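Trainee: Before I ask anything, here is the structure I am working with.
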Amino acid sequence: GAVVSQHPSWVICKSGTSVKIECRSLDFQATTMFWYRQFPKQSLMLMATSNEGSKATYEQGVEKDKFLINHASLTLSTLTVTSAHPEDSSFYICSAPPGGAGDGSPLHFGNGTRLTVT
Amino acid sequence: AQSVTQLDSQVPVFEEAPVELRCNYSSSVSVYLFWYVQYPNQGLQLLLKYLSGSTLVESINGFEAEFNKSQTSFHLRKPSVHISDTAEYFCAVSERGSQGNLIFGKGTKLSVKP
């Protein structure tokens, strides 16, 4: 149980185009989802917290107009990288807590999306 | 604010040897503690967690971690590693009562050699 599905697993796009990444909770409802970014050989950095029915909360230094987050339902959150540039190339991972927020429920992670901008 | 320090970026060991991956954290509030494992080009899988109670927690594949409040540590250990344990290991904390977002350490690359 508690599976998080992320799609696509990898994508290559041209500079200036936009890319949408989907994150779905398959067998539980997620009012909150987290989007992380991982640079090569580095740790995961929280980009934003996606909240169903309200605006996402972005971490300091993350451009909200560039990384658009939409939490359309209790099982789907999307991250759109707009006007992508080569420096946006990275590994993006979504996650969600299957239990109540803040109760220690471990986050379940999607398998990540490898974005390469050429 | 919380922070997590994983002192070793890489740990090479031989198969069947014991291993310890170190993790120290800093926080002004109570936290939950986690270890996640990441295989190449994949997401993270929960290895084990400490929420409360017994300070020694174990995973189903032989790993264990001990919460030491006085030393603010949560080191990961395995008495005998296998080739298949080769992966990146991340220590993480989340603040009790928060939305559940994790603060990660920089990770430790465990390389098990035959």
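If you're matching them up, the sequences are chains A and B in order.
Counting in the working numbering, the first sequence runs from 197 upward without gaps.
Counting in the working numbering, the second sequence runs from -14 upward without gaps.
Using N, Cα and C, we set each Cβ at its ideal position, and we do this for glycine too.
Quick caveat, the model's predicted, so the values are computed rather than measured.
Using a cut-off of 7 Å between C-beta atoms, extract the partners of T245/A located in chain B.
Mentor: Residue numbering aside, residue 245/A sits at position 49 when the first sequence is read from its first letter. In chain order: Q84, N86.
Trainee: Output yes if chain B places a C-beta closer than 8 Å to the C-beta of S301/A; else output no.
Mentor: Here residue 301/A is taken as the residue at index 105 of the first sequence, counted from 1. Yes, because at least one Cβ of chain B sits closer than 8 Å to the Cβ of S301/A.
Trainee: Between the beta-carbon of P175/A and the beta-carbon of L31/B, is there less than 8 Å?
Mentor: For chain A, the structure presents residues 197 to 314; residue 175/A sits outside this window and is missing.
Trainee: Report yes if the C-beta distance between L61/B and A72/B is below 8 Å; otherwise report no.
Mentor: As a working mapping, residue 61/B is identified with position 76 in the second sequence. As a working mapping, residue 72/B is identified with position 87 in the second sequence. Not in contact: L61/B and A72/B (Cβ atoms no closer than 8 Å).
Trainee: Can you pull the DSSP bridge partners for E49/B?
Mentor: The residue you call residue 49/B lines up with position 64 of the second sequence. DSSP output for E49/B lists E43/B, R62/B as bridge partner(s).
Trainee: Out of T309/A, R310/A, F305/A, point me to the one whose CA is closest to L222/A's CA.
Mentor: Position 26 of the first sequence, counted from the start, is the residue given in the question as residue 222/A. Among T309/A, R310/A, F305/A, the Cα nearest to that of L222/A is on F305/A.
Trainee: Leaving aside the five residues before and after F89/B along the sequence, list all residues of the same chain whose C-beta is less than 7 Å from its C-beta, in chain order.
Mentor: As a first step, residue 89/B must be located in the second sequence, where it is residue number 104. Non-local C-beta neighbours of F89/B in its own chain, meaning closer than 7 Å and more than five positions away in sequence, comprise V(-11), F75, A77, ordered along the chain.
Trainee: Hey, does I265/A have any beta-carbon neighbour from chain B nearer than 8 Å?
Mentor: Mapped onto the first sequence, residue 265/A falls at position 69. So no, I265/A is outside the interface.
Trainee: Check whether the Cβ of Y74/B lies closer than 8 Å to any Cβ atom in chain A.
Mentor: Looking up residue 74/B in the second sequence gives position 89. Taking Cβ atoms only, chain A never reaches closer than 8 Å to Y74/B, which makes this a no.
Trainee: Could you give the DSSP three-state label for S285/A: helix, strand or coil?
Mentor: Position 89 of the first sequence, counting from 1, holds the residue named residue 285/A. In the displayed model, S285/A falls within coil according to three-state DSSP, outside both helix and strand.
Trainee: With DSSP collapsed to three states, give me the class of S246/A.
Mentor: Against the first sequence, residue 246/A aligns to sequence position 50. DSSP places S246/A in strand when its eight states are reduced to three.
Trainee: Using a Cβ-Cβ distance cut-off of 8 Å, determine whether R310/A contacts chain B.
Mentor: Counting from 1 along the first sequence, the entry for residue 310/A is found at position 114. Judged by the 8 Å Cβ criterion, R310/A is in contact with chain B.
Trainee: Quick test of your reading: F19/B and L87/B, contact by CB under 8 Å. State the CB separation rounded to the nearest angstrom.
Mentor: Locating residue 19/B in the second sequence gives position 34, where the first residue counts as 1. Locating residue 87/B in the second sequence gives position 102, where the first residue counts as 1. With 8 Å as the limit, F19/B and L87/B qualify as a contact, their Cβ atoms being about 7 Å apart.
Trainee: For the region 20 to 32 of chain B, list every residue whose C-beta sits within 7 Å of some C-beta in chain A, in sequence order.
Mentor: N26, Q27, G28, L29, L31
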